[in-house]
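The structure under discussion appears below in the form of structure tokens.
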Amino acid sequence: MKLIKKLAIITLILVVSQISYIGITLGNAYYGVLLTILVFFILRGANFKISFLLMLFLVAAFLSIQLNKIPVFFQPYQRFIIFVIIVGLIGPLFQNSHLKVFRSILFKTMNKVILIMVVLSFFGIAIGLPLMIGRGGYVGLFIHSMVLGPMSALAFLIALYEAHLANNKRKYWIYLGLAAVSFIACVSAGSRSALLGCIAGGLFFYYKMNQGKVSRFMKMIIVIVGLGILSFPLWESYTERLLQKMDYAEEQGDNLATRSALWEIRVAEFESSPIVGVGFSSVDIRKDKKFDKKEGRIEPGSSWLALLSMTGLLGFIPVFLIVVKNITFLFKSQEQKMFLALLGGMLMFFIIHMLAEGYILSAGSGLFFYFWLLMGRIEIEKVEAKFNLGNL
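Going by full-length UniProt numbering, the letters in the sequence shown line up with residues 1 to 392, in that order.
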């Protein structure tokens with residue numbers, strides 16, 4: 001157990017170094033360490049299982065590479081291998097006794113670190129520390145405002161969970177305060193998709209907490225909305241970046257001005273190859289000119305459309321089914337309501353946020369890492385629920 005905890009801490013440090021403003025880039029050494037940890041767990045753990053749906057996705061992804069002429073600079077095979085390594089370590093691809101403990105520790109510890117980083121970011125922004133302003137406006141302790149936004153949304157849900165888990169009023173109000181701070185940090189980042197995802201996640205959280213008690217759920221929502229409106233003058237100044245984006249969209253005559261063009265390209269790519277897509281982690285360079293030829297980086301504009309355009313229906317359907325099965329489980333299960341409320345709120349956030357951000361296949365992204373870690377953590381709950389049901 002001690003060794004597993006140490007390996008979880010090492011993994012956490014590596015991930016945080018990738019998403020923090022320090023921006024330490026370890027290159028392939030990062031993936032080498034994760035591969036070593038994965039191999040160790042596979043060799044040592046018991047009750048090894050493989051996800052059938054994710055294996056189907058990997059077959060589809062590999063076929064999308066084989067059946068397309070993908071420019072070398074996109075490095076599809078290297079990105080495919082890295083995807084397998086990370087999703088194998090933290091996601092539901094591989095399962096055994098050691099990986100279960102590792103993912104549980106990593107998820108719990110990473111949540112604490114995210115909450116701390118977001119809260120410190122808020123206070124740094126509030127007092128005007130120069131280092132809190134970077135690419136895209138307010139960045140806090142993160143590398144970009146587009147990372148601060150979603151991480152703040154996750155911190156908001158984490159703080160809500162901790163508040164309702166608290167065993168005394170003092171802790172309860174402290175964590176509610178941290179939830180409010182995290183929400184304002186999310187607003188200050190100026191990401192509309194992160195803000196919408198944050199609200200959707202919060203709604204699911206309170207719905208699950210009050211499942212079967214509709215009137216109580218509605219009362220809580222009315223109180224929260226009322227408090228938000230009454231306190232708006234206190235945090236109005238943090239909406240500046242958000243309002244700028246909305247003004248820009250209005251000038252362009254399109255509320256989705258920054259995404260519409262990318263979405264149209266993804267749809268066109270899907271229509272050109274609906275079964276296998278245009279290739280894993282690549283784009284059709286005849287249609288999309290927004291890519292970094294030197295690094296092979298692309299901006300998909302949407303995770304869901306990226307799945308469709310890159311891997312076609314063969315790749316999209318397995319991942320879609322995994323998400324649907326997870327959200328269905330989180331809706332229906334009556335065990336550990338509070339923890340499932342957290343997991344469900346986070347998954348709801350990602351479902352919304354990934355409509356406008358394309359990181360679901362981007363193995364170097366911190367949001368990619370957290371999304372697949374969440375999938376792995378939900379899988380643990382599903383397996384345990386089946387085990388408990390079988391022992392009744």
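Glycine included, each C-beta is placed from N, C-alpha and C at the ideal position.
As the structure is a prediction and not an experimental result, all values here were calculated from the model.
Per DSSP, the unbroken alpha helix (DSSP H) holding K169 starts and ends at K169 to A189. For the 9 Å CB-CB criterion, S51 and T311 do not form a contact. Counting along the chain, the unbroken alpha helix (DSSP H) around K219 starts and ends at V214 to L230. For T311, the enclosing alpha helix (DSSP H) covers residues S303 to K332.
Boundaries of the alpha helix (DSSP H) harbouring V39: N28 to R44, taken from the DSSP string. Within the stretch 85-113, not a single complete beta strand (DSSP E) segment reaches 3 residues in length.
Per DSSP, the continuous alpha helix (DSSP H) segment holding L14 begins and ends at K2 to I19. In its chain, beyond the 5 residues on either side, H98, V101, F102 and I105 have a beta carbon closer than 7 Å to the beta carbon of I4.
Under the three-state reduction of DSSP output, F62 falls in the helix class.
Comparing C-alpha distances from F41 to each of P300, L89 and G32 shows the shortest one belongs to L89.
A Cβ-Cβ separation of about 18 Å leaves L154 out of contact with I86 under the 8 Å criterion. In the three-state reduction of the DSSP assignment, F156 falls in the helix class, which pools H, G and I.
Closest by C-alpha distance to V139, out of K337, F331, V319 and I19, is I19. Rounded to the nearest whole angstrom, the C-alpha separation of G279 and H144 is 28 Å. P92 has its alpha-carbon roughly 6 Å from the corresponding atom of E379. The beta carbon of P318 is closer than 6 Å to those of L53, L56 and F57 in its chain, skipping five residues each way along the sequence. When DSSP reads this structure, D292 sits in a beta bridge with R297. Under the three-state reduction of DSSP output, I127 falls in the coil class, being neither helix nor strand. Contact between S333 and A268 is ruled out by a C-beta separation of about 40 Å, above the 8 Å threshold. Between L160 and A179, the gap from beta carbon to beta carbon is short of 9 Å. Residue environment: K49 is assigned as exposed (fewer than 16 neighbouring CB atoms within 10 Å of its CB, all protein chains considered). For M348, the uninterrupted alpha helix (DSSP H) segment begins and ends at K337 to H353.
In this structure, S182 lies near F122, with their beta-carbon atoms less than 9 Å apart. Shown here, I380 sits in a helix according to DSSP, grouped into three states. Between the stretch 209-220 and the stretch 352-371 there are fewer than three inter-stretch CB-CB distances shorter than 8 Å, so the stretches are not counted as touching. At a Cβ-Cβ threshold of 9 Å, I351 and L313 do not count as neighbours. Per DSSP, R286 is not a residue of any alpha helix (DSSP H), being assigned neither H nor E.
Around H353, the same chain offers P150, S193, A194 and G197 as residues with beta carbons nearer than 7 Å, after the five sequence neighbours per side are excluded.
Spanning the alpha carbons of L343 and F369 requires a straight line of approximately 15 Å.
Taking all protein chains in view, the Cβ of I10 is surrounded by fewer than 16 other Cβ atoms within 10 Å, so the residue is classified as exposed.
Excluding five sequence positions before and after K290, the CB atoms of its chain that fall closer than 6 Å to its own CB belong to E299, given in chain order. Here W372 is buried. Its C-beta has 16 or more other C-beta atoms within 10 Å. For Y206, the enclosing alpha helix (DSSP H) starts and ends at R192 to M209. G27 is the residue among G45, G27 and P71 whose C-alpha sits nearest the C-alpha of I82. Exclusion of the five residues before and after F73 leaves K293 and G296 as the residues of its chain whose Cβ lies within less than 7 Å of its Cβ.
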